[in-house]
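Beneath this line is the structure, given in structure tokens, with notes to follow.
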Amino acid sequence: MEDENIRKEFTSKFSDEKYKDFLNKLNSEIPSPIDYRIAESPLFLNKDVSNKLIKCGEEILDFLLRPDLKQITEKSIPDKWRCPNENDHSHFIGMDFALSKDKHGNFSPKLIEFQGFSGLYGIQAHLANAYKEIYNISDEWSIYRNGLDETSYFNLLKQIIVGPYELDEVILMDVHPHEQHTAADFYFTKIHINIPIVGLEDLKQDGKKLFYEINGEKKYIKRIYNRLIFDEIDKDENIFEKNVDIRQDLDVEWITHPNWWYRISKYLLPHLKGDYILKSFILNDIINNLPNNLENYVLKPLFSFGGNNVIINIKQDDIQNIKDPQNWILQEKAKYEPVMHIEGNDVIAEIRLMYFWPDKTQRPILTANNTRLSTGNMINVGSNKNKKWAGATVTFMQK
0 MEDENIRKEF TSKFSDEKYK DFLNKLNSEI PSPIDYRIAE SPLFLNKDVS
50 NKLIKCGEEI LDFLLRPDLK QITEKSIPDK WRCPNENDHS HFIGMDFALS
100 KDKHGNFSPK LIEFQGFSGL YGIQAHLANA YKEIYNISDE WSIYRNGLDE
150 TSYFNLLKQI IVGPYELDEV ILMDVHPHEQ HTAADFYFTK IHINIPIVGL
200 EDLKQDGKKL FYEINGEKKY IKRIYNRLIF DEIDKDENIF EKNVDIRQDL
250 DVEWITHPNW WYRISKYLLP HLKGDYILKS FILNDIINNL PNNLENYVLK
300 PLFSFGGNNV IINIKQDDIQ NIKDPQNWIL QEKAKYEPVM HIEGNDVIAE
350 IRLMYFWPDK TQRPILTANN TRLSTGNMIN VGSNKNKKWA GATVTFMQK
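Numbering that gives the first Met the number 0 applies: residue 0 is where the sequence shown begins, and numbers increase by one.
In structure tokens, the structure reads:
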């Protein structure tokens, strides 16, 4: 799957000292260090694998462009989290692919999940820069697609997020943003977009308008670049008694609207068919007719994130203990193929293709990627905190 020549070149240049320099470079650019493990190495996909992966993404986009998508996904949005003033499409889409092989030994990406939500757009650009600078990686290799480079990538992101408004009229919003493990991405985004980072707890309301304060001055908000996932606050029953209830009908635009987190999610996977699709079922639909080979499946909550609460080795008790089977998916296990073998470790990978969808354009645009490496049986960065050659990274593809 990897280009052997560039892998050999990178390995010859690698050292623990350079890895420290790499991390120091990243962390020196932001107020606090990155709060999750960054892998020692990027991934270098060869052209054939890159083209097949991108083709799979485009075929999935064809499904997401169906005119009846909202009708199909209307029941995905929990009543308690439905927000008014939804727009026509998600401004951002992420597709997660396992790197696998089919029975003939050919590369066959498998869609793990997708999200109608923003991604780590700031930090990925800086990761790529740091790898390229520390290891002198040729400009022939890039994380960007569709003719984009770093400048045009951030210009497009800024166009989508800020639009016609002043910078202080648009906020990046999460709950306690500086305490999030993704805070580093917020800081890298601010370097390029220069909008304020505002916590849910700092929002104030004036009629249907929202504002925040700087040095006692009210700043009215026209747009919210939303980084808040409702699953984060679901267990706090009093969250909107202590804070502004953002589910109200407010005079504010969302980038991207919260409803898309539910619409473009694991909820849609049972509707997809194809060689790159893993068999998936809403648990409630098959709970009385479960597959006999449960060892070949995983159980996942529909709307959790970061691999939280996934059950890999399913027991009958696990299913019986689930109180809301309509909110869980039973998905065929992906068979990850090692993408590299380093220091006795088989390293597997998952690549998130990151799409931007500007208003008044017919189709989302593939821009870059977010890649995770693992030496274990879980791919999320939380399961690889102390494992060498594992963690968050980028995939370089040839231009």
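For glycine and all other residues, C-beta sits at the position ideal for the given N, C-alpha and C.
- One alpha carbon belongs to I133, the other to N50, and they sit about 27 Å apart.
- Within the stretch 172 to 242, the complete alpha helix (DSSP H) segments at least 4 residues long are 182 to 192, 229 to 232, 238 to 241, listed from N- to C-terminus.
- Here the stretch 147 to 163 lies against the stretch 353 to 365, with 3 or more beta-carbon pairs under 8 Å apart.
- Following the DSSP letters along the chain, one finds I92 inside the beta strand (DSSP E) bounded by residues 91 to 97.
- Residue range 296 to 300 is occupied by the beta strand (DSSP E) that includes V297.
- The criterion of a C-beta distance shorter than 8 Å is satisfied by T392 and L372.
- Cβ neighbours of Q179 within its own chain (closer than 6 Å, five residues either side excluded): D173.
- Distances from the CA of N4 to each of F43, K24, Y18, I111 were compared; the closest alpha carbon is that of F43.
- As a beta-bridge residue in DSSP terms, Y354 pairs with I92, L365.
- Ranked by Cα distance from N154, the options N295, I136, A129, A124 are led by A124.
- Taking the Cβ atoms as the reference, I170 lies roughly 31 Å from I111, outside the contact range of under 8 Å.
- DSSP, read as helix, strand or coil, puts T10 in helix.
- Residue state for I341 is assigned as strand, using DSSP reduced to three classes.
- The stretch 269 to 287 makes no contact with the stretch 231 to 249, as fewer than three CB pairs between them are under 8 Å.
- In the DSSP assignment, A391 falls within the unbroken beta strand (DSSP E) covering 390 to 392.
- N225 is classed as buried because its beta carbon has at least 16 other beta carbons within 10 Å across all chains shown.
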